[in-house]
Amino acid sequence: MPIYEYRCNGCGRRVTLFWRSFSEIGEATPRCSFCGGEDLTRLVSRVAVVRSEESRLEALADPSSLAGLDENDPKSLARWMRRMSQELGEDLGPEFDEVVDRLEAGQSPEEIEEAMPDLGGELAPEGEF
Ligand SMILES: [Zn+2]
Numbered sequence: 010m011p012i013y014e015y016r017c018n019g020c021g022r023r024v025t026l027f028w029r030s031f032s033e034i035g036e037a038t039p040r041c042s043f044c045g046g047e048d049l050t051r052l053v054s055r056v057a058v059v060r061s062e063e064s065r066l067e068a069l070a071d072p073s074s075l076a077g078l079d080e081n082d083p084k085s086l087a088r089w090m091r092r093m094s095q096e097l098g099e100d101l102g103p104e105f106d107e108v109v110d111r112l113e114a115g116q117s118p119e120e121i122e123e124a125m126p127d128l129g130g131e132l133a134p135e136g137e138f
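And the structure:
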């Protein structure tokens with residue numbers, strides 16, 4: 010589940026977008042959640058990914074962008090993902106909902122990936138993007 014940060018060239022704000030898969034990024038147009046603009050510059054290659062192989066949330070960039078997120082606390086992660094989803098104003102699909110539901114129930118990312126083996130099947134090799 011890749012998460013990217015963008016800078017909106019319309020309103021100048023920082024936008025964090027959550028994607029279901031790497032392939033979706035290539036198909037969808039990132040849109041500013043503040044002004045709706047589509048002129049976004051990606052700030053960092055990859056902020057955070059729940060990796061299938063290591064089954065943990067990695068913060069690879071500015072830690073402040075994940076403020077309030079305790080990656081060791083599934084419920085904190087669920088709240089953060091839900092906020093992401095609300096800011097996006099989009100339906101992120103049943104898989105996303107199920108992951109958030111499971112996190113809120115206190116399941117760890119490891120348990121979730123065991124229960125949902127299809128997750129993370131489209132991860133790109135390290136270093137891409
Ligand atoms: Zn904007």
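With the numbering used here applied, the sequence shown corresponds to residues 10 to 138, in that order. Even glycine gets a Cβ: it sits at the ideal position worked out from N, Cα and C.
First and last residue of the uninterrupted beta strand (DSSP E) at residue i
i, result
"residue 49", "49–51"
Residue i Cβ short of 8 angstroms to ligand 1 heavy atom set
i, result
"residue 43", "yes"
"residue 51", "no"
"residue 108", "no"
"residue 21", "yes"
"residue 102", "no"
"residue 46", "yes"
Residue(s) in a DSSP beta bridge with residue i
i, result
"residue 17", "49"
"residue 26", "13"
Cβ pair residue i, residue j closer than 9 angstroms
i, j, result
"residue 27", "residue 12", "yes"
"residue 22", "residue 44", "yes"
"residue 83", "residue 39", "no"
Element boundaries [alpha helix (DSSP H), containing residue i]
i, result
"residue 22", "No alpha helix (DSSP H) holds residue 22; DSSP gives it neither H nor E."
"residue 32", "31–36"
"residue 114", "Residue 114 -> no alpha helix (DSSP H), and no H or E assigned at all."
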